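J.:
Chains as they are written, first to last, in the numbering used here: chain A, 334 to 974; chain B, 16 to 283.
1) Residue 766 of chain A to residue 624 of chain A, Cα distance in whole Å?
2) Can you list, in chain order, the residues of the region 107-120 of chain B whose Cβ is nearer than 9 Å to any Cβ on chain A?
3) Among the residues of its own chain, which have a CB less than 6 Å from the CB of residue 124 of chain B, if the five just before and after it don't count?
4) Rounded to the nearest angstrom, how far is the Cβ of residue 265 of chain B from that of residue 244 of chain B, given a contact under 8 Å?
5) Label residue 217 of chain B either buried or exposed according to how many other C-beta atoms from any shown protein chain fall within 10 Å of its C-beta, with 16 as the threshold for buried.
6) Thinking just about the alpha-carbon of each residue, which of A:712, A:381, A:713 and A:690 is nearest to the one in residue 702 of chain A?
7) Since residue 719 of chain A and residue 726 of chain A should fall inside the 8 Å C-beta cutoff, what is the C-beta to C-beta distance between them, to a whole number of angstroms?
8) Assign residue 86 of chain B to one of two classes, buried (16 or more other C-beta atoms within 10 Å of its C-beta) or exposed (fewer than that).
9) Leaving out the 5 sequence neighbours to the left and right, which residues in its chain are closer than 7 Å to residue 659 of chain A when beta-carbon positions are compared?
10) Between residue 849 of chain A and chain B, is the shortest Cβ-Cβ distance under 7 Å, so that the two count as touching?
11) Taking C-beta to C-beta, are residue 160 of chain B and residue 26 of chain B nearer than 7 Å?
12) My guess is that residue 203 of chain B and residue 227 of chain B are in contact by the Cβ rule of under 8 Å, so how many angstroms apart are they, rounded?
13) For residue 843 of chain A, which residues in chain B fall below 7 Å Cβ to Cβ?
14) Given 8 Å as the limit, is there contact between the region 860-869 of chain A and the region 648-664 of chain A, that is, 3 or more CB pairs closer than that?
15) Could you tell me if residue 534 of chain A is buried or exposed, where buried requires 16 or more neighbouring beta carbons within 10 angstroms of its beta carbon?
16) Look up residue 597 of chain A in the DSSP assignment and say whether it is helix, strand or coil.
17) Around the Cβ of residue 494 of chain A, are there at least 16 other Cβ atoms within 10 angstroms (buried) or fewer (exposed)?
18) Could you say if the region 920-927 of chain A and the region 428-441 of chain A meet the contact criterion of at least three C-beta pairs nearer than 8 Å?
19) Is there contact here, the region 343-363 of chain A with the region 555-574 of chain A, by at least three beta-carbon pairs under 8 Å?
20) Have a look at residue 600 of chain A and residue 614 of chain A and give me their C-alpha separation to the nearest angstrom.
21) Mind listing, in chain order, the continuous beta strand (DSSP E) runs of no fewer than 3 residues lying wholly within the region 202-252 of chain B?
22) Under three-state DSSP, which class holds residue 95 of chain B?
23) What residue from B:263, B:49 and B:37 has the CA that sits closest to residue 24 of chain B's CA?
24) Could you spell out the range, first to last residue, of the beta strand (DSSP E) harbouring residue 796 of chain A?
25) If you draw a straight line from the C-alpha of residue 523 of chain A to the C-alpha of residue 411 of chain A, how long is it?
26) If we ignore side chains and look at the alpha-carbon of each, how far apart do residue 178 of chain B and residue 935 of chain A end up?
27) Establish whether the CB of residue 444 of chain A and some CB of chain B are separated by less than 7 Å.
28) If the cut is a Cβ gap below 8 Å, which residues of chain B does residue 532 of chain A touch?
29) Under 7 Å between C-beta atoms, does residue 72 of chain B make it to chain C?
30) Report the neighbours of residue 124 of chain B on chain A: residues whose CB is nearer than 8 Å to its CB, in chain order.
31) Where do the N-terminal and C-terminal ends of the beta strand (DSSP E) with residue 32 of chain B fall, by residue?
32) Against chain B, does residue 708 of chain A count as a neighbour if the rule is that its beta carbon must be under 7 Å from one of theirs?
33) Would you say the region 846-860 of chain A touches the region 868-878 of chain A, given that touching needs at least three Cβ pairs under 8 Å?
34) If contact is defined by three or more beta carbon pairs under 8 Å, each pair taking one atom from either stretch, is the region 32-45 of chain B in contact with the region 251-259 of chain B?
35) What's the call for residue 273 of chain B, buried or exposed, on a 16-neighbour Cβ count within 10 Å?
36) Please list the terminal residues of the continuous alpha helix (DSSP H) segment that includes residue 482 of chain A.
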């Protein structure tokens, strides 16, 4: 009983921090319509700043608090609002990409300033006696403090949103900003307020969580701790603050009870299956929260802001493009040094992952943040079936990842937009924390934390050499892009675009929306699985760090920059992702994030927008040449372009 | 198989109610649409017409009541299943596939119901089938020729590859109509198809609806253009505050004092 009470106190304290973070998410979402994926990163940057001031520079705690919460966080809130302003009325997917870009910028900046994954000591918010004993239960000052702060935040938000003019306007703004403007309020000012409150609450949560995390601050832990807050916010449907608060406490208590119970009474299970329960359980809560969401009713959306899809290449054009990719790969294998050859090979593999996203996100409008996870499943199958080397392994990789893709898609066919993105994020995070790190049973033959995968051989042709491997990868990319374009030109492709533009219209003409979503997830995950298998053969082994969520994010955002509806965009995005990962260092996140913020507003990306403009320019400069009608908006004519 | 237009009730709505919180959007609405007729549905803004269309097409589950298509219960059927059973609709706010061309929009509809392995489809794809006027009840558009013929039929001939995001609203509405007709529906629900059309386009639309009814299709038409309604409808029902307050021939509706008070009166 005493133990139970002790865990209850700890659970409530942890839940209280989640409540503060989650309420920040809800306030921002309900006033701006934007779900801030960078919420955890904001918390991390604030906690690191606080630690920098108090621990490194010895500033008094009160002064550091004033600077971080009173100055730094509000300024960050205003800056974010300035970035988000032009997203007003944009699709969920677009605003999602921008906050994901912001997440990468903040992570990259923290890397640059504080260095890599290093942990730091948090600043102490208090001094003197660290705990009291009440009825035999230890109550630390840190625990008490977070409970008081969370209660204060709850009371403040309740009063502010219901009783003040600004608060009421904040609740109204997302429903009808025009009407609000006519009533004399400024939607932009209200949205700024929403961002400031959200960012300040993230900062408070970041500073509070640090002492509860065992006295260490690490960038990844702090950035992902917000997954707990996501779960609570989703329980509150991103709008209901009281439910969010209660859910946050529930998540904190659940995590503490289950985690400690398992560690104490099922140590074998915990060690073998849940390497870090505090990282795995919150993701399970988020998955549960998303699964019990009610069905998203099909509804007419009217005319969304859409852009014309660039003209799709014909079979002949895609064959020429494919041949050009293989020829260029051959050239690269001769002209480039070993280092850069490796990057090109990895780029071609990421290119296939990006192709899978062209199908899923570019054509069908379904956002996936777990595409590299599917690739990891493919690598797993490849490694487990005869240890690589065999074409059976490739078949197993494609088959297993397609199956897993459809399994992930099954519950998500009920969800759209933001919730779908959150679900795939949860799947990716779960795979990171549970599947890929499980070297005891799942991911490894010989408990050496990596899975060995031999290179392929076919009809006596060995791909042991790097040049042969390069050609193999180029052929794989070319075939995959020919397949994607063929699908797009046919019945299935029209259905995917229809699904993206109006699911309600699809259903009312007799199209089974659920079956179509399952099919596209399956094919897309299968392609990603193929990429994973090839990744393994190319590298010779795979480990836990090869398929992390952040790599999925990297490829997706790079594809958005170059053109999510274009196979040439996929090739360039794949190559650029590989270059950034290998050569970008700490700056890679910042470069990618800034790229998304600057170019992400072009719906067809650089290639999808730039290529037709270039054609137009060339046509204008050719005197006497009559414009060919089909030349309009042509792209994808060759991957080499 | 076309329904017998004289004896068959193509669509029946029985005691359908829908509540949104405390608002009663539809209150025990009961009526039917005969095959081979154009039936009008009118009412002031907010009367519940679009909610009723959503219930009929499966986008909104009613709190109570039943919907029958050719005598078959479809209340619990999903939207795509209703479409496959022969129920098509258009939307008040255009719900097109904006990234596709006019022809591709129609093709998505046709391909959703046409079975490519069906002998008639293969014959028509090979150009050897008996020419059918596509879009009529039970005659979905087959292949490129069918799509082109259907676009021609709604007055959009030659616009097969025209991107719909560049079309004027009137023509975009006709694309939506062609897409609905592409499945060869027995019952067609049209939500303000005349808005955005000029007089001549509206006249062509009226003729087309009469022609479709002549082929046995049941058309339920929500429209504010009273001239169009009076010209093509054999029967009109009136909704007000979610309740069906009148039903009858256009002349009866025009003379009905309750209707004048609720709708026509306020419009005059």
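Backbone N, C-alpha and C define an ideal beta-carbon position, used for all residues, glycine too. None of the values given here were measured: they were computed from a predicted structure.
T.: Quick look at the numbers:
1) 20 Å
2) 107, 108, 109, 110, 111, 112, 113, 114, 115, 119 and 120
3) Excluding five sequence positions before and after residue 124 of chain B, the CB atoms of its chain that fall closer than 6 Å to its own CB belong to 194, 197 and 198, given in chain order.
4) 7 Å
5) buried
6) Selected option, being the one with the closest Cα: A:690.
7) 6 Å
8) exposed
9) Once the five neighbours on either side are set aside, the close Cβ partners of residue 659 of chain A are 804, 807, 808 and 811.
10) So, not an interface residue.
11) no
12) Their Cβ separation, rounded to whole angstroms, is 7 Å, which keeps residue 203 of chain B and residue 227 of chain B in contact under 8 Å.
13) 95, 98, 99, 127, 128 and 198
14) no
15) buried
16) helix
17) buried
18) Contact between the region 920-927 of chain A and the region 428-441 of chain A is present, because at least three Cβ pairs lie under 8 Å.
19) yes
20) 16 Å
21) 202-206 and 233-237
22) helix
23) B:49
24) Neither: residue 796 of chain A is in no beta strand (DSSP E) and is coded neither H nor E.
25) 11 Å
26) 19 Å
27) At a cut-off of 7 Å between C-beta atoms, residue 444 of chain A does not count as an interface residue with respect to chain B.
28) Near residue 532 of chain A there are no residues of chain B at all, since even the closest Cβ is about 34 Å away, more than 8 Å.
29) The chain inventory of the structure shown lacks chain C, comprising the protein chains A and B.
30) 842 and 843
31) 24-35
32) no
33) no
34) yes
35) Around the CB of residue 273 of chain B, fewer than 16 other CB atoms lie within 10 Å, so the residue is classed as exposed.
36) Residues 474-496.
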